[in-house]
Amino acid sequence: MPVLDQLLAALAGGSVEIVDLTAPLSDRTPILRLPEPFANTVPFSLREISRYDDRGPAWYWNDITTGEHVGTHFDAPVHWATGRDGEDVAQVPAGRLVAPAVVLDASEHAAADPDFLLEIEHVRAWEEAHGPLPDGGWLLYRTGWDARSADAEAFLNADENGSHAPGISPECARWLAEETPLLGLGVETVGTDAGGAHAFDPPFPCHSYFLGAGKYGLTQLQNLSRLPARGAVLVAAPLPIVGGSGSPARVLALVER
Ligand code: MN
């Protein structure tokens with residue numbers, strides 16, 4: 014049987030499941046908040062054009078307003094100064110949007126310490142248990158933060174010192190971006206970097222190293238707990254915004270049951 018027919022049969026029979034990793038997109042979707050003097054994104058919003066009324070008797074439609082980096086979204090290399098000569102989101106080859114994914118679960122660490130940072134030793138331990146990081150694939154970093162995603166205050170978890178949300182140490186970010194064959198990094202938090210990463214050296218190291226290496230980011234993922242440590246296939250579908258630095262994305266995982 015042709016391989017795509019096999020896939021369709023597996024989907025129909027339930028031996029391959031589609032897991033939606035995308036957060037619902039609404040005016041309540043949490044967004045990044047940068048401190049003064051930096052500019053911030055607008056949230057997502059809908060504005061009704063017509064709804065089966067005088068403005069359009071048989072149809073319902075809306076205009077949308079959104080930042081590129083709102084909700085579950087894709088970071089293209091050009092998003093960061095280190096990747097300024099790299100791809101914008103419309104230039105990312107479609108063939109790179111379907112790729113293997115592995116899941117590293119640090120949710121117990123993050124539950125104990127909201128400022129938890131993943132280190133190289135944690136990734137080495139994961140590789141000991143599950144094999145090498147996938148060539149041309151995603152590292153999905155599970156922290157349990159998706160459980161907070163319906164509540165912007167809990168999601169950002171900020172106090173007078175700023176946001177407390179888990180991330181990756183600068184040393185580990187550099188190693189993952191520059192010395193492993195990964196395609197990109199996916200996270201459950203509002204951005205790929207830790208809540209306190211503005212104070213790291215370099216600031217926002219995941220953005221700096223991954224995008225500087227021509228790799229990608231995915232944020233505000235959910236349902237990573239439903240994926241195996243390895244073996245999932247990820248479909249990440251940002252809009253091809255010409256010249257754009259990123260885009261809200263639908264992110265789906267194919268998982269063999
Ligand atoms: Mn982003």
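So for the sequence shown, the numbering used here puts the first residue at 14; every next one is plus one.
Beta carbons are placed, not taken as given, at the ideal position from N, Cα and C, and that holds for glycine.
Any non-hydrogen atom of the ligand MN within 7 Å of residue i CB
i: T257; result: In the sequence as presented, Thr is not what sits at residue 257; that position holds Gly. G257: no, Cβ never under 7 Å from the ligand MN.
i: T156; result: no
i: D88; result: yes
i: G96; result: no
i: T232; result: yes
i: G204; result: yes
i: H82; result: yes
i: H135; result: no
i: H92; result: yes
Contact check, residue i vs residue j, beta carbons under 8 Å
i: V248; j: V111; result: yes
i: G123; j: P194; result: The sequence given here has Ala at residue 123, not Gly. No, they are not a contact pair.
i: S162; j: N170; result: no
i: E206; j: P215; result: Before going further, note that residue 206 is Asp rather than Glu in the sequence given. Taking 8 Å as the Cβ cut-off, D206 and P215 do not qualify as a contacting pair.
i: V116; j: L240; result: yes
i: G209; j: D128; result: yes
i: L34; j: L267; result: no
i: A245; j: A114; result: yes
i: H92; j: L45; result: no
i: P15; j: F168; result: no
i: L237; j: E201; result: yes
Cut-off 7 Å between Cβ atoms - residues of its own chain near residue i, not counting five sequence neighbours on either side
i: G197; result: W151, F223, K228, Y229, G230 and L231
i: S182; result: L130, L131 and E132
i: N75; result: L59, R60, E61 and I62
i: R97; result: V91
i: G149; result: A112, P194 and L196
DSSP beta-bridge partners of residue i
i: L234; result: T35
i: F87; result: L231 and S260
i: D118; result: R155
i: L247; result: A112 and A266
i: G180; result: L130
i: L198; result: L152 and G230
i: L59; result: I77
8 Å CB neighbourhood of residue i in its chain, flanking five on each side removed
i: S191; result: Note that residue 191 is Glu in the sequence shown here, rather than Ser. Contacts found: Y222 and A226.
Chain B within 8 Å of residue i, Cβ atoms only
i: A249; result: Reference to chain B is not applicable here, since this structure consists of a single protein chain.
Proximal residues to residue i (C-beta, below 6 Å), its chain only, five neighbours per side dropped
i: G80; result: T54 and V55
i: G199; result: W151, L153, L231 and L234
Report yes or no: do the stretch 213-231 and the stretch 136-148 share at least 3 C-beta pairs separated by less than 8 Å? Cβ pair count under 8 Å is below three, so no.
Between the stretch 59-74 and the stretch 85-97, are three or more C-beta pairs nearer than 8 Å? They do not touch, by the three-pair rule.
Stretch pair the stretch 184-191 + the stretch 156-168: three plus CB contacts closer than 8 Å: Because the criterion of three Cβ pairs below 8 Å is not met, the stretch 184-191 and the stretch 156-168 do not touch.
Quick check: the stretch 256-266 against the stretch 91-106, are there 3 or more CB pairs under 8 Å? The stretch 256-266 makes contact with the stretch 91-106; the number of CB pairs closer than 8 Å reaches 3 or more.
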